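Position 53, counted from 1, in the sequence shown is what full-length UniProt numbering calls 53; the numbers after and before it change by one each time, with no gaps. The next block holds one structure in the form of structure tokens; read it before the comments.
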Amino acid sequence: MDRPGFTASLVAGGVAGVCVDLILFPLDTIKTRLQSPQGFNKAGGFRGVYAGVPSAAVGSFPNAAAFFITYEYVKWFLHTDSSSYLIPVKHMLAASAGEVVACLIRVPSEVVKQRAQVSASSGTFHIFSNILCQEGIQGLYRGYKSTVFREIPFSLVQFPLWEFLKALWSWRQDHVVDSWQSAVCGAFAGGFAAAVTTPLDVAKTRIMLAKAGSSPASGNVLSALHGVWRTRGLSGLFAGVFPRMAAISLGGFIFLGAYDQTRSFLLELGRESP
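This is the structure:
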């Protein structure tokens, strides 16, 4: 991938990440509280829905930028003919690689953010300091495996579906989709992927919110899923599915639309520059 493409992916991904994280933060808070072990009301209900936003604001740009740099680079590296049946596989591999890299930045931010969301009386920096003092760096990466196990299946569904819908729409209208059309495709792909991966999101939330030393804190996804199933059944595994779908559908619209728009603008700007 050439330097203008690399820079455009970095900046466009970062801008898209900041936009979606800050706009949809209240929905994310509600989803986290619905999934928390103490229940929605004890976790804060509808109060203080912007608790933990500093953590999201700090992590969103580098997290999204890291994802899209990796995504676009792997797509370029695995270049295949546009008619090849391997195109979906290329998108799956690119999205999976992007998530593994992005989670190195996302997980510490997510751990601090989610603990602030269910304990709105504690400040973000106070929570961050407590994690470092009590658990060290390892505490900030608690839930890394569960996050990756959530994000990879999510991306395996979302990104090939997004690329397929864009290609289908382009074929139907006989020209490349506009940014708003890419955003619509992103909303549909994101909402569908959010619904089918909600149990993995519940497991990730339980692991990140668990007390240090407890069984869920070990990070075993299957054990966390079994614990939720045993205590709350199917409804527990799909706790927060509607705010998650709403947030990610809206997020897909904003995130992927803003990414395409910003990247196209930057590449056009680069072509016009001497």
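The beta-carbon is built from N, C-alpha and C at its ideal position, and this holds for glycine as well. All of these numbers come straight from a predicted model, not from anything done at the bench.
Cβ-based neighbour list, Tyr-259, same chain, cut-off 7 Å, excluding 5 preceding and 5 following: Taking the sequence shown and counting its residues from 1, one reaches residue 259 at position 259. Cβ within range, chain order: Ala-12, Gly-13, Ala-16 and Phe-68.
Counting only runs that start and end within the segment 101-139, where is the alpha helix (DSSP H) found for 4 or more residues in a row? 124-135
Is the segment 47-60 close to the segment 118-136, with three or more CB pairs under 8 Å? yes
Following the continuous alpha helix (DSSP H) through residue 275, name the residue where it begins and the one where it ends. Within the shown structure, residues of the chain are numbered from 1 to 274, placing residue 275 beyond reach of any answer.
Measuring CA to CA, which of Leu-93, Ile-254 and Thr-197 is closest to Asp-21? Within the sequence shown, the letter at position 21 stands for residue 21. The residue with the shortest Cα to Cα distance from Asp-21 is Ile-254.
Please list the terminal residues of the continuous alpha helix (DSSP H) segment that includes Phe-25. Here residue 25 refers to the residue found at position 25 when the sequence shown is read from its first residue. Segment 25-35, the alpha helix (DSSP H) holding Phe-25.
Less than 7 Å between the C-beta atoms of Lys-113 and Ala-56, yes or no? By 1-based counting over the sequence shown, the position of residue 113 is 113. By 1-based counting over the sequence shown, the position of residue 56 is 56. One thing to note: Lys-113 has its Cβ within 7 Å of the Cβ of Ala-56.
Cβ-Cβ distance between Ala-187 and Trp-162 below 7 Å: Within the sequence shown, numbered from 1, the residue matching residue 187 stands at position 187. Within the sequence shown, numbered from 1, the residue matching residue 162 stands at position 162. No Cβ-Cβ contact shorter than 7 Å links Ala-187 with Trp-162.
Which of the three DSSP states is assigned to Phe-188 in this structure? One-based indexing of the sequence shown puts residue 188 at position 188. Three-state result, Phe-188: helix.
Who are the Cβ neighbours of Glu-135 in its own chain at under 8 Å, not counting the five residues just before and after it? Working through the sequence shown from its first residue, we reach residue 135 at position 135. Cβ within range, chain order: Arg-142 and Ala-212.
With H, G and I counted as helix, E and B as strand and the rest as coil, what does DSSP make of Ser-215? If you number the sequence shown from 1, residue 215 lands on position 215. Coil at Ser-215, not helix or strand.
Boundaries of the alpha helix (DSSP H) in which Phe-68 is found, first to last residue: Walking along the sequence shown from the start, residue 68 turns up at place 68. Where Phe-68 is concerned, the enclosing alpha helix (DSSP H) stretches over 53-77.
Look at the alpha carbon of Val-74 and the alpha carbon of Gly-98, and state the distance between them as a whole number of angstroms. What you label residue 74 is simply residue 74 of the sequence shown in a count that begins at 1. What you label residue 98 is simply residue 98 of the sequence shown in a count that begins at 1. Using only the alpha carbons, I get a separation of about 8 Å.
Please look up how many angstroms separate the CB atoms of Gly-240 and Lys-31, rounded, as I've assumed it's under 8 Å. One-based indexing of the sequence shown puts residue 240 at position 240. One-based indexing of the sequence shown puts residue 31 at position 31. With 8 Å as the limit, Gly-240 and Lys-31 qualify as a contact, their Cβ atoms being about 4 Å apart.
Does the beta-carbon of Phe-46 have 16 or more other beta-carbons within 10 angstroms, so that it is buried, or is it exposed? As a first step, residue 46 is located in the sequence shown; it is residue number 46 there, counting from the start. Exposed, since its Cβ has fewer than 16 Cβ neighbours within 10 Å.
Residue closest to Pro-26, alpha-carbon to alpha-carbon, out of Ile-207, Gly-44, Ser-96 and Leu-200: The sequence position of residue 26 within the sequence shown is 26, counting from 1. Measuring from the Cα of Pro-26, the nearest candidate turns out to be Gly-44.
Quick one: is Glu-268 buried, meaning 16 or more other Cβ sit within 10 Å of its Cβ, or exposed? Taking the sequence shown and counting its residues from 1, one reaches residue 268 at position 268. By the neighbour-count rule (16 or more Cβ atoms within 10 Å), Glu-268 is not buried but exposed.
Using the beta-carbon count (16 or more within 10 Å), is Cys-19 buried or exposed? Indexing the sequence shown from 1 puts residue 19 at position 19. By the 10 Å Cβ count, Cys-19 comes out buried.
On the CB-based measure, 16 or more other CB atoms within 10 Å of its CB, does Phe-77 come out buried or exposed? Counting from 1 along the sequence shown, the entry for residue 77 is found at position 77. Burial call: exposed.
Using a Cβ-Cβ cut-off of 7 Å (strictly less than) and excluding sequence neighbours within five positions of Phe-154, which residues of its own chain qualify? Taking the sequence shown and counting its residues from 1, one reaches residue 154 at position 154. Answer for Phe-154: Ala-193 and Thr-197, listed in chain order.
Candidates Ala-8, Gly-39, Thr-29 and Ser-9, of which the one nearest Gly-236 by Cα: Translated into the one-based positions of the sequence shown, residue 236 becomes position 236. Closest option to Gly-236, Cα to Cα, is Gly-39.
Among the candidates Leu-266, Glu-110, Phe-61 and Pro-160, whose CA atom is the shortest distance from the CA of Thr-147? In the sequence shown, residue 147 corresponds to position 147, counting from 1. For the set Leu-266, Glu-110, Phe-61 and Pro-160, the Cα lying nearest the Cα of Thr-147 is the one of Glu-110.
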